[in-house]
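**Q** Top to bottom, those sequences are chains P and W.
Anchor point for the first sequence: position 27 equals 1128 in the working numbering, and the numbering is continuous, going up by one each time.
Anchor point for the second sequence: position 41 equals 1142 in the working numbering, and the numbering is continuous, going up by one each time.
The C-beta atom is built at its ideal place from N, Cα and C for all residues, glycine as well.
2 protein chains.
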Amino acid sequence: MTTIGDVAKAAGVSRSTVSYALSGKRTISAETRRRIDEAIAALNFTPNAGARALKTSQTMVLGLLLQFHEDEFAPAMLQYVLPVTDAARALGYDILLMTESDGAAALTRVAQSGMVDGLVLLDVTHNDPRLDALRASRQPGVLIGLPGDTDGLDVFDLDFGDAARTLVDHLHGLGHREICLVTPPKHVFERGGAYAWRFRDAALERAAHHGIHFSAHYGESRHPGIEQSLHAILDGRPGATALMVHNDASVAVLPSVLHRRGVRVPDDLSVVSLYSTDFGRNFLLPYTAVESSPDELGRLAVERLGRRIQFPGETGPPVVRFIAAELIDRGSTS
Amino acid sequence: MTTIGDVAKAAGVSRSTVSYALSGKRTISAETRRRIDEAIAALNFTPNAGARALKTSQTMVLGLLLQFHEDEFAPAMLQYVLPVTDAARALGYDILLMTESDGAAALTRVAQSGMVDGLVLLDVTHNDPRLDALRASRQPGVLIGLPGDTDGLDVFDLDFGDAARTLVDHLHGLGHREICLVTPPKHVFERGGAYAWRFRDAALERAAHHGIHFSAHYGESRHPGIEQSLHAILDGRPGATALMVHNDASVAVLPSVLHRRGVRVPDDLSVVSLYSTDFGRNFLLPYTAVESSPDELGRLAVERLGRRIQFPGETGPPVVRFIAAELIDRGSTS
DNA sequence: CTGAAAGCGCTTACAG
DNA sequence: CTGAAAGCGCTTACAG
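1) Taking 8 Å as the threshold, find out whether the region 1176 to 1184 of chain P comes into contact with the region 1393 to 1405 of chain P through three or more Cβ pairs.
2) Would you decide whether Val1373 (chain W) is buried or exposed? Buried here means 16 or more other CB atoms lie within 10 Å of its CB.
3) Classify Gly1242 (chain P) as helix, strand or coil using the three-state DSSP reduction.
4) Run through DSSP, which three-state label would Leu1370 (chain P) get?
5) Give the secondary structure of Thr1186 (chain W) by DSSP, where H, G and I count as helix, E and B as strand, and everything else as coil.
6) With a cut-off of 7 Å, does the C-beta of Thr1157 (chain P) fall near any C-beta of chain W?
7) If we ignore side chains and look at the alpha-carbon of each, how far apart do Ala1095 (chain P) and Ala1142 (chain P) end up?
8) From the DSSP output, which residues share a beta bridge with Gly1219 (chain W)?
9) Judging by CA-CA distance, which residue of W:Ile1313, W:Ile1327 and W:Arg1362 is the nearest neighbour of Asp1336 (chain W)?
10) Give me the DSSP bridge partner(s) of Leu1331 (chain W).
11) Within 10 Å of its beta-carbon, does Phe1146 (chain P) have 16 or more other beta-carbons around it, so buried, or fewer, so exposed?
12) Can you have a look at Pro1285 (chain W) and say buried or exposed, based on whether 16 or more other CB atoms are within 10 angstroms of its CB?
13) Is it true that the region 1230 to 1246 of chain P meets the region 1403 to 1414 of chain P, where meeting means three or more beta-carbon pairs spaced less than 8 Å apart?
14) Spatial neighbours of Ala1112 (chain W) within its chain, please: C-beta separation below 6 Å, excluding the five flanking residues on both sides.
15) From the DSSP output, which residues share a beta bridge with Asp1252 (chain P)?
16) Apart from the five residues just before and just after Gly1193 (chain P), which ones in its own chain have a Cβ nearer than 7 Å to its Cβ?
17) Rounded to whole angstroms, how far is the Cβ of Ala1152 (chain W) from the Cβ of Leu1155 (chain P), which I believe are closer than 8 Å?
18) Helix, strand or coil for Tyr1319 (chain W) per DSSP?
19) Looking only at its own chain, which residues have a Cβ that is under 7 Å from the Cβ of Tyr1376 (chain W), when we skip the five neighbours before and after it?
20) For the region 1249 to 1260 of chain P, enumerate the residues whose C-beta is nearer than 7 Å to any C-beta of chain W, in chain order.
21) With a CB to CB cut of under 6 Å and the five nearest residues on each side skipped, what residues in its chain are close to Thr1251 (chain W)?
22) Could you list which residues in chain P have their beta carbon closer than 7 Å to that of Gly1151 (chain W), in chain order?
23) Using a cut-off of 9 Å between C-beta atoms, extract the partners of Met1178 (chain P) located in chain W.
24) Going along the region 1335 to 1365 of chain P in order, which residues come within less than 7 Å of chain W, judged by CB to CB distance?
25) So, under 8 Å CB-CB, Ala1264 (chain P) and Ala1426 (chain P) are touching, yes? Tell me the CB distance rounded to an integer number of Å.
26) Looking at the structure shown, is Ala1426 (chain W) part of a helix, part of a strand, or coil, going by DSSP?
27) Excluding five sequence neighbours on each side, which residues of the same chain lie with their C-beta closer than 8 Å to the C-beta of Val1354 (chain P)?
28) Classify Ser1357 (chain W) as buried or exposed, calling it buried when 16 or more other Cβ atoms lie within 10 Å of its own Cβ.
29) Please list the partners that Thr1147 (chain W) has in chain P, where partner means a Cβ-to-Cβ separation under 7 Å.
30) Return the bridge partner residues of Val1283 (chain W) from the DSSP annotation.
31) Does any CB atom of chain P fall closer than 7 Å to the CB of Asp1203 (chain W)?
32) So Ala1188 (chain W) and Arg1405 (chain W) are in contact, right, with Cβ under 8 Å, and what is the actual spacing, rounded?
33) Determine the direct distance from the alpha carbon of Thr1342 (chain W) to that of Arg1307 (chain W), and round the result to whole angstroms.
34) Is Leu1223 (chain W) near Arg1231 (chain W), with beta carbons less than 7 Å apart?
35) If you reduce the DSSP assignment to three classes, tell me which class Leu1198 (chain W) lands in.
36) Assuming contact is defined by CB atoms lying nearer than 7 Å, are Gly1320 (chain W) and Val1283 (chain W) in contact in what I supplied?
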């Protein structure tokens, strides 16, 4: 392994001068700089990240905590990983990926041992057990997803209430008076997936305000329940003229379910949903929907985290920031 | 931050004794051990990973390199990430995730700076530019996916030739004499996705051997080409009694396409494919298929890498290991 | 503009 | 069974 000492020797200068040349933290004469650059190139030198981290107490690594729930639709998760990774690299950080089922333990292990400068939590639930671990760690963290207690935490999430109201208003404006909502599965509510009830409750309230007949039904997320539940919901509400789907697994199979039933969109039924453009592209979804904005959420969260790390005192109090709902009309309503 | 020195002071012993108590590398008296354990618990001490890495030259981190191709079906990638992460944790390693488009540069950066003990490359192509970087790095690496030149590398992959022959034999045994194959998109071939032609060429050869009318067609991976290409293929071969699909995006939409055409499986058409059980579950795929085994591939690759890291001299020459094809009959053929 | 020295938090020969 | 000391590869006050 070539070290800064090898470079110093080859260039005929001290190790500190090489270090300063690398960091640019003091002026170096042109001649010295040339010799150092040559030596670095000749020896193919890269500073050791561990030694640097030990000295500076900065690892330039962020921890990313995923949670894989048995009952969850996996493809929906990857959409957040890529934007987070990209945004981190743009700030000079690498990503340490943790997928252990005991997320709190993973967080504590990695934070305590000083492997990361900050933490990004995905798929946050209402009563997320990782939050106490995060509050106890000396590294800052950001959440993507709203927990019940946001005390002391930076939180980024879609405004699910706004999303629900936007969709209800859209359908109401088109004259719909009986609407069905397919929600996430029951166990998502039970384990504290707050986005599920934030969306549902806001939709219910808005529909009541408009005097719309509105009914919410649990969807499924696992084969073969997904299709069965959709059929049952549609069978049970023959008078509904519009369907709202807030369930990734359900909306992914909806085209095939509707085809099987001979239902044409939007002639026989208007359909609206909530998903990302990328997700829709992967599953060929043609529905008017609120954009779930994983790219923007990931980027905002990481940029905030970067500021917290680099300017600890100056970043201000924790923020809870909601992305406003943006409706993308794909012509699936009438 | 609490250090090993704080623990030593609290326990009234030297730092080296604490270190040995932690590592178990020498015997410690019961009384001393008790005092050390108490101090560690009281101070909530965890050794600093960076300092340990600097001293031992072991980071206990593996780099995982993904590649996201514009034209690729993203959900297929995540299936490999989880098994790799799980297998790594089981061996005590964490995972540094790299998703940069310039994978060779990312590999070199992370390897040269000593951030990882080893590297896992996913989505390897025939002429993968990351391989030279890997060969030049001092850390060992494993590939999931077969490159053109395996010299010096440990490689794990599905036996795509075996898979193709298994499927052709299966259909031939059922009496099929005209078969269509949907391959990955043309650009996958062009960029060197060897699995694409390994599967196709083996299928062609085996079909010829059986005297089967066999035609291979490029599928698509992006909306709306996926469905269109399937329709075109089926329109062009009305005499085909069986369809082989080696294309994640195509097989994901196949149920809906066949429904639209009023084609019943297996009564009107037999269908076979190649995907993982997990993938099939997410997309509700009912087809008889060869299992693509991402779990096993990920686990085998990481375990091999772990041995290379821990027993550099004793692991033997590089291996190229193919997982045999296993047919899972889901009743989509007759 | 540059160098010698201390120190980040560990591990491990060396010595007793 | 335990301790004092050296050293991993850096960065950064301190000094000139």
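**A** Reading from the atomic positions:
1) yes
2) buried
3) Reduced to three states, the DSSP call for Gly1242 (chain P) is strand.
4) coil
5) helix
6) no
7) Residue 1095 (chain P) falls outside the range modelled here, since chain P spans only 1102 to 1435, and no answer is possible.
8) DSSP lists W:Leu1163 as partners of Gly1219 (chain W).
9) W:Arg1362
10) Partner(s): none; Leu1331 (chain W) has no beta bridge.
11) So Phe1146 (chain P) ends up on the buried side.
12) Flag for Pro1285 (chain W) reads buried.
13) yes
14) Arg1136, Ile1137 and Ala1140
15) Looking at the DSSP assignment, Asp1252 (chain P) forms no beta bridge with any residue, so it has no partner.
16) Met1161
17) 5 Å
18) The three-state secondary structure of Tyr1319 (chain W), taken from DSSP, is strand.
19) Asp1349, Val1352, Leu1386, Ala1390 and Ser1393
20) none
21) Val1421
22) Gly1151, Ala1154, Leu1155, Thr1160 and Gly1215
23) Leu1179
24) Val1354, Pro1356, Ser1357, His1360 and Arg1361
25) 4 Å
26) In this structure, Ala1426 (chain W) counts as coil in the three-state DSSP scheme.
27) Ile1327, Glu1328 and Leu1331
28) buried
29) Gln1213 and Ser1214
30) W:His1318 and W:Val1346
31) Using a CB distance cut-off of 7 Å, Asp1203 (chain W) does not count as an interface residue toward chain P.
32) The pair is not a contact, with the Cβ atoms about 10 Å apart (cut-off 8 Å).
33) Their Cα atoms are separated by approximately 17 Å.
34) Contact: no.
35) Here DSSP, grouped into helix, strand and coil, assigns Leu1198 (chain W) to strand.
36) yes
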